[in-house]
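Protein chains in written order, with our numbering: chain L, 1 to 160; chain H, 1001 to 1605.
Beta carbons: idealized from backbone N, C-alpha and C, even for Gly.
All values derive from a computational prediction rather than experimental measurement.
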């Protein structure tokens, strides 16, 4: 199994994942904007935040592809279906822990249940299953991650 | 600066405030209308041409609004903070006085919401109980909404849109079904703030009070900086400066386009069907826009608009569309919304079917704009120059076609005199631009020949000896106030020639005191309309060109006095009672006011 194939799959998968979320946003199904959420960790400038957020997002996509690769190696097999299965786990993890709990914990501009009178603007927190960003957000996020995983699995299996 | 008039509370009819009672605030991306009773009844979001979040202007029942006012009846006076589009309303009650300062803020400092509406309440005297209620209704009132709280802040969301209602010292905000409201008392020297933070396709931002106040201050500074670009110092300075600021409100900053008005379907006749969407950019207005902006010293906006015009028309080159969307797109299909309409004036339309019409006069406007642009020392690049030359060739081919005319009538196309005059203007300016080396001169002889042919056509077919006037349509005996543009664009010697008697004929047949109707004939739409304010300002400018300065000054004084209490105009006015009609505030009216005032000053000096 090729780690390079997994990484290329990670890049392509991240591109598709971002596009799926964006399309859902254009279709008025969700207000989630991952690059904006990630970029505002380091800057309050909206334009720069989106730019930096895209870079963060692609780096994260690459790192997760390595985790997927480790999973394929551990199981001794790879394929788009197994990748999609990993994507389900990844998506649920993102919604219940990663974006929902870990990001608010480290995000200097994101409100939480502990937020009080503050000296700077706060960003709306995602809430359980990121439902604060729209009722369709969990479904859209899950689909996007399944597609991401399937692409990585497909790339790794094709490179064998 | 004159003191603001003290007026009684707004008298709403069936929930609708008179159009005259509105003031506009904006941030270069969208515009809100604030009624004199403190209710914000119009706010498209996120852009001027988007669906509304507050739209009770067009449906008092389900359109949504943001009401904020003293709980007991009060006298009201309003003004814009000097040199800005920030509105200050002073309510005086039996128990005291408060001011409410309304602004759509510009981005500044920290993490900013996508759009932000700030309403600051200050106690001036005594103690005044205040009530407020925010009723957002996304998607023209038709989008399914959810109401909840995030970190204790009330939030309303609908699909990809959301608004957070952040209040500071404004009582405990309560949620009722789909609205958020509160009440509080404000004493002398105290202040409260309510800020609406809007999000579109992204998470909401919850600002602090200090940040909102800082942005409001920065917004005031930004408007003030812009307003200093105007160098008009003439007799009607206050009106010209306010018109410049009103025009700037209608500039769509993301592209440089100018919306004809920030509203749709405010009726030209109460209860009638003459209701149109003006949240688009008309090529017809291009010459007036560039002329007005250059004349008052705002060259940056003139340049932005010229480039927007050239870019937008690239898709349809060499043909021009009558109008384009604010993002430059060529499609603006017309459809109707299931809304009650302003005082039952239906249909409520979005988009505009005029987009598919042939209107020959727009070519004259573009060439006049290009000519003014070049005369101001701006460079017309090679590609644009070639496109202008191709456009002049097209005018040579199509000037003989019947069209829908400047008023975009919905009856059958005919040979409108004003359309032919503006085709002459197009070719006249093309020849002059070529002569000065701004555009290729390969076909200049043909342009000259066709310009002469147009003039012959107008002289033979578009003149009535009986009326002593150019007529509305070739071969007919009707008048049209748009012929006055011939005087503005130098079609003829206004002091001596046929245009001179045409001015008198138009005043005689289409005038009602200071007002002018556009025309009295058929236009393919049922009902009647009010007097068209732009035509009255054109008349002032025509009188100036004719050297009739006294008449021009008297008329201008009268017209300037017709503005509402904050200096804004709609498209039309009812000559009987002075009520505003049509979309509001109207770019063309303010453009023609500037044009008339500046022409007068230039002629006087």
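Within the region 1033 to 1064 of chain H, no residue has its Cβ closer than 9 Å to any Cβ of chain L. Going by beta carbons, residue 1065 (chain H) and residue 1025 (chain H) fall outside the 8 Å limit. The beta carbon of residue 61 (chain L) lies closer than 6 Å to those of 10 and 14 in the same chain, with the five residues before and after it left out. Residue H:1172 holds the alpha-carbon nearest to the alpha-carbon of residue 1183 (chain H) among H:1486, H:1095, H:1172 and H:1189. Not a single CB atom of chain H sits nearer than 8 Å to the CB of residue 19 (chain L). Chain L has no Cβ within less than 8 Å of the Cβ of residue 1473 (chain H). When the five nearest sequence neighbours on each side are left out, the beta carbons in the same chain lying within less than 7 Å of the beta carbon of residue 1103 (chain H) are those of 1025, 1086, 1118, 1216 and 1219, in order along the chain.
Within the model, the alpha-carbon separation for residue 1015 (chain H) versus residue 1180 (chain H) is close to 20 Å. Against chain L, the CB of residue 1117 (chain H) has no partner CB under 8 Å away; the residue lies outside that interface. In this structure, the straight-line span from the alpha carbon of residue 1543 (chain H) to that of residue 1285 (chain H) is close to 21 Å. From the listed residues H:1515, H:1437, H:1438 and H:1522, the smallest Cα separation to residue 1478 (chain H) is found for H:1522. Under the Cβ distance rule, residue 1159 (chain H) counts among the residues neighbouring chain L, one pair being separated by less than 8 Å. Chain L has a Cβ within less than 8 Å of the Cβ of residue 1211 (chain H). Burial of residue 1098 (chain H) is indicated by the presence of at least 16 other C-beta atoms within 10 angstroms of its C-beta. Restricting attention to H:1023, H:1009 and H:1003, the CA atom closest to the CA of residue 1585 (chain H) is found in H:1023. Contacts between residue 1201 (chain H) and chain L, judged by CB atoms closer than 7 Å, involve 25, 31 and 33 in chain order. For residue 1207 (chain H), the residues of chain L that pass the 9 Å Cβ criterion are 120, 121 and 122, in the order they occur in the chain.
At least one beta carbon of chain H lies nearer than 8 Å to the beta carbon of residue 44 (chain L). With its beta carbon at least 8 Å from every one in chain L, residue 1321 (chain H) lies outside the interface.
Annotated as proximal: residue 72 (chain L) and residue 1 (chain L), with beta-carbon spacing under 8 Å.
Scanning its chain for C-beta atoms nearer than 7 Å, with the 5 sequence neighbours on each side dropped, one finds around residue 1404 (chain H) the residues 1357, 1358, 1359 and 1413, in chain order. Judged by beta-carbon spacing, residue 1132 (chain H) lies beyond the 8 Å limit of residue 1162 (chain H), meaning their Cβ atoms are not closer than that value. For residue 1512 (chain H), the closest C-alpha among the options H:1385, H:1500, H:1393 and H:1530 is that of H:1530. At a C-beta separation below 7 Å, residue 1112 (chain H) has these neighbours in chain L: 46. Rounded to the nearest whole angstrom, the CA to CA distance from residue 1198 (chain H) to residue 1047 (chain H) is 12 Å.
Within chain L, the residues 31 have their CB atoms less than 7 Å from the CB of residue 1162 (chain H), given in chain order. Assigned with DSSP and collapsed to three states, residue 12 (chain L) falls in helix. Short of 7 Å from the beta carbon of residue 1067 (chain H), and not among the five residues preceding or following it, lie these beta carbons of its own chain, in chain order: 1038, 1039, 1132 and 1133.
By the Cβ-count criterion, residue 1549 (chain H) is exposed, with fewer than 16 other Cβ atoms from all chains shown falling within 10 Å of its own Cβ. Here residue 1315 (chain H) is exposed: its Cβ has fewer than 16 other Cβ atoms, across all protein chains shown, within 10 Å. Listed in chain order, the non-local C-beta contacts of residue 1072 (chain H) below 8 Å within the same chain comprise 1093, 1094, 1095 and 1129, local neighbours out to five positions each way being set aside. Secondary structure at residue 1298 (chain H): coil, using DSSP grouped into helix, strand and coil.
Counting only Cβ-Cβ distances below 8 Å, residue 111 (chain L) has contacts in chain H at 1150, 1151 and 1206, in chain order. Counted as a single uninterrupted DSSP element, the beta strand (DSSP E) harbouring residue 1091 (chain H) occupies residues 1087 to 1092. In this structure the region 1145 to 1161 of chain H does not touch the region 1225 to 1233 of chain H; the number of beta carbon pairs closer than 8 Å is below three. Exposure of residue 1410 (chain H) is indicated by the presence of fewer than 16 other C-beta atoms within 10 angstroms of its C-beta.
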